[in-house]
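Read through the structure below, which is laid out as C-alpha cells, and then see the notes.
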Amino acid sequence: MDCAGKLLDLSRPQVMGILNVTPDSFSDGGAFLAPDAAIEQAEAMVRAGAAIIDVGGESTRPGAAPVPLQQELDRVVPVIEALHAELPVIISIDTSKPEVMRAAVTAGAGMINDVCALRRQGALAAAVECRVPVCLMHMQGEPRTMQQQPRYEDVVAEVGAFLQQRVAACLQAGLSREQLLLDPGFGFGKALRHNLRLLRRLPEIESLGFPLLVGLSRKSMIGALLGERPVGQRLHGSVAAATLAAWMGASIVRVHDVAATVDALRIVAALKSE
Ligand code: YH5
Numbered sequence: 002m003d004c005a006g007k008l009l010d011l012s013r014p015q016v017m018g019i020l021n022v023t024p025d026s027f028s029d030g031g032a033f034l035a036p037d038a039a040i041e042q043a044e045a046m047v048r049a050g051a052a053i054i055d056v057g058g059e060s061t062r063p064g065a066a067p068v069p070l071q072q073e074l075d076r077v078v079p080v081i082e083a084l085h086a087e088l089p090v091i092i093s094i095d096t097s098k099p100e101v102m103r104a105a106v107t108a109g110a111g112m113i114n115d116v117c118a119l120r121r122q123g124a125l126a127a128a129v130e131c132r133v134p135v136c137l138m139h140m141q142g143e144p145r146t147m148q149q150q151p152r153y154e155d156v157v158a159e160v161g162a163f164l165q166q167r168v169a170a171c172l173q174a175g176l177s178r179e180q181l182l183l184d185p186g187f188g189f190g191k192a193l194r195h196n197l198r199l200l201r202r203l204p205e206i207e208s209l210g211f212p213l214l215v216g217l218s219r220k221s222m223i224g225a226l227l228g229e230r231p232v233g234q235r236l237h238g239s240v241a242a243a244t245l246a247a248w249m250g251a252s253i254v255r256v257h258d259v260a261a262t263v264d265a266l267r268i269v270a271a272l273k274s275e
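Using my numbering, the first residue of the sequence shown is number 2, and each one after it goes up by one.
Written out as C-alpha cells, the structure reads:
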C-alpha cells in the first residue's frame, strides 16, 4: 500500500505504534516541549519495529470531551513535521476533522485514521484531496456516551453493513478501493460480549475485501477479561489479543507496546506463511 510515497508491506501483519499528543501524555510543562518528547517516543517505537506511527491530538476514549480545531492542529502539526523530517516511517493522523487531515498530510502524514469513518462534514472531500490510505472505523454512538448502553441484534452483521456503507460513500466521493482499510472499532460502543464476537468472527469482516486494522491494546475488554486489571497491567493480555487478531486476519494492529507485539507478530507471520 502506497502511503504518500512510503510503501507499507501488507504481506505480513504490521504494527502501528500509538503516539498520543495530548496534554496528559506529555505533561512535563510547556507545550513546545511536546514535539521533543513525542519524537523520542516515536524513535523508540520505530527501533522496536513499528511500521506506522499513529499521531493523535484528540482523546477518543469513552467519556472524553471534544478538542477545539486550533488546539488539535497546534498539538499534531509540529510533531508530524518533526517526525517526517527525522524518521523513515509512515505517519498516520488519528483525526475526524477535515482541516486536521489536510494539515497533517501537508506536514508529512501518509495515512488517515478516522474513528468516525469520514462521516464529519467535509471529511470525504478532504480525504479525496489528501490521496493517502484511509482507515474507516465503526463506532456506535459518540465517544462521550457510546459505552452507556451498546445494543446490537447481530454485532458482526451490523458492523459489516456499516463499513460497507462507508466504503460505498468513499468510492462515490472519489476515493479508490486500494486506498481503504477497515476497522471494527473494538470498544467503540461495544460491550464485552460484542468485542469478543467481533474478534472471533473477524474473518467475516475480512471477507469484505479490504485490509483490516484493529486496536485492542490496553482496552477495557482486556482489563475485564483479566479480572478488572488496571490499565498499566494489561501488557500480556494485549499482546495475546494482538496475536489472535493478526491470526484472524488483521493486517495492522494498533498498539502501545510495540516491541512485545512485533515479536508476537513475527511468530504469527511464520505460521501464516507455512
Ligand atoms: C481503534 O481501535 N482506538 S483510541 C481506552 C483504553 C485504552 C486504549 C484504557 N483509536 C482505535 O486506544 N483507531 C483509538 O482504555 C483507534 N482503531 C483505530 N483505527 C482508544 C484507545 C484506548 C481507549
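Even glycine gets a Cβ: it sits at the ideal position worked out from N, Cα and C. Here the structure is a predicted model, which is why all the values come from computation and not from measurement.
Assign residue i to one of three DSSP states: helix, strand, or coil.
i, result
"R167", "helix"
"T107", "helix"
"A118", "coil"
"Q149", "coil"
"M46", "helix"
"L72", "The sequence given here has Gln at residue 72, not Leu. Note: Q72 maps to helix in three-state DSSP."
"M102", "helix"
"M2", "coil"
"M1", "Coverage of the chain is limited to positions 2 through 275, which leaves residue 1 absent and any answer about it impossible."
"G161", "helix"
"L8", "strand"
"V22", "coil"
"V232", "helix"
"D155", "coil"
"Q141", "coil"
"L217", "coil"
Less than 9 Å between the beta carbons of residue i and residue j, yes or no?
i, j, result
"V157", "S218", "no"
"I92", "A105", "yes"
"L137", "A118", "yes"
"V90", "A45", "no"
"Q141", "F189", "yes"
"V77", "V135", "no"
"P185", "V168", "no"
"P63", "P144", "yes"
"P212", "L182", "yes"
"M17", "L11", "no"
"L301", "L272", "Within the shown structure, residues of the chain are numbered from 2 to 275, placing residue 301 beyond reach of any answer."
"G57", "D95", "yes"
"V133", "A170", "no"
"S59", "A65", "First, the residue type needs correcting, since residue 59 is Glu and not Ser in the sequence shown. Result yes, Cβ atoms of E59 and A65 sit closer than 9 Å."
Can you tell me where the beta strand (DSSP E) with residue i in it begins and where it stops?
i, result
"A265", "Careful: A265 lies outside any beta strand (DSSP E), inside the alpha helix (DSSP H) at V259 to K273."
"L182", "L181 to D184"
"L125", "Run containing L125: none in the beta strand (DSSP E); it sits in the alpha helix (DSSP H), A124 to C131."
"G57", "I53 to G57"
Of all the options the options, which has the alpha carbon lying nearest to the alpha carbon of residue i?
i, options, result
"L84", "A126, Q180, I40 and L183", "I40"
"D37", "I19, G64, E82 and K7", "E82"
"A5", "A128, Q72, S60 and A51", "A128"
"R194", "I113, S208, I206 and L226", "L226"
"G50", "L199, Q166 and I253", "I253"
"V80", "Q166, P99, E205 and L20", "L20"
"T107", "A124, G18 and E130", "E130"
"G224", "V215, L214, L213 and S239", "S239"
"R121", "R132, E100 and V133", "E100"
"S221", "P204, N196, L176 and G210", "N196"
"Q180", "E207, M112 and G228", "M112"
"L199", "Q72, V232, R267 and A251", "A251"
"P204", "T61, S177, M249 and Q234", "M249"
"D1", "R230, M147, V259 and Q173", "Past the boundaries of the shown model lies residue 1; the chain is included only from 2 to 275, so the question cannot be answered."
"A162", "H139, N114 and S177", "H139"
"G175", "I206, D155, A126 and Q149", "A126"
So residue i and residue j are in contact, right, with Cβ under 8 Å, and what is the actual spacing, rounded?
i, j, result
"R13", "A270", "4 Å"
"S97", "V116", "6 Å"
"A246", "V215", "5 Å"
"A261", "T244", "Rounded, the Cβ-Cβ distance is 10 Å, inconsistent with contact."
"Q15", "L9", "7 Å"
Which two residues bound the contiguous alpha helix (DSSP H) that contains residue i?
i, result
"A251", "Here A251 belongs to no alpha helix (DSSP H); instead the beta strand (DSSP E) covers A251 to V256."
"V240", "L236 to W248"
"M222", "S221 to L226"
"L88", "Unbroken run through L88: none, as it is neither H nor E."
"L200", "L193 to R201"
Could you tell me whether any Cβ in chain D is nearer than 9 Å to the Cβ of residue i?
i, result
"K191", "In the displayed structure, chain D is absent; only one protein chain is listed."
Can you tell me whether residue i sits near the ligand PLP, meaning its C-beta is under 8 Å from at least one heavy atom of the ligand?
i, result
"L176", "This structure simply doesn't include the ligand PLP; it includes the ligand YH5 instead."
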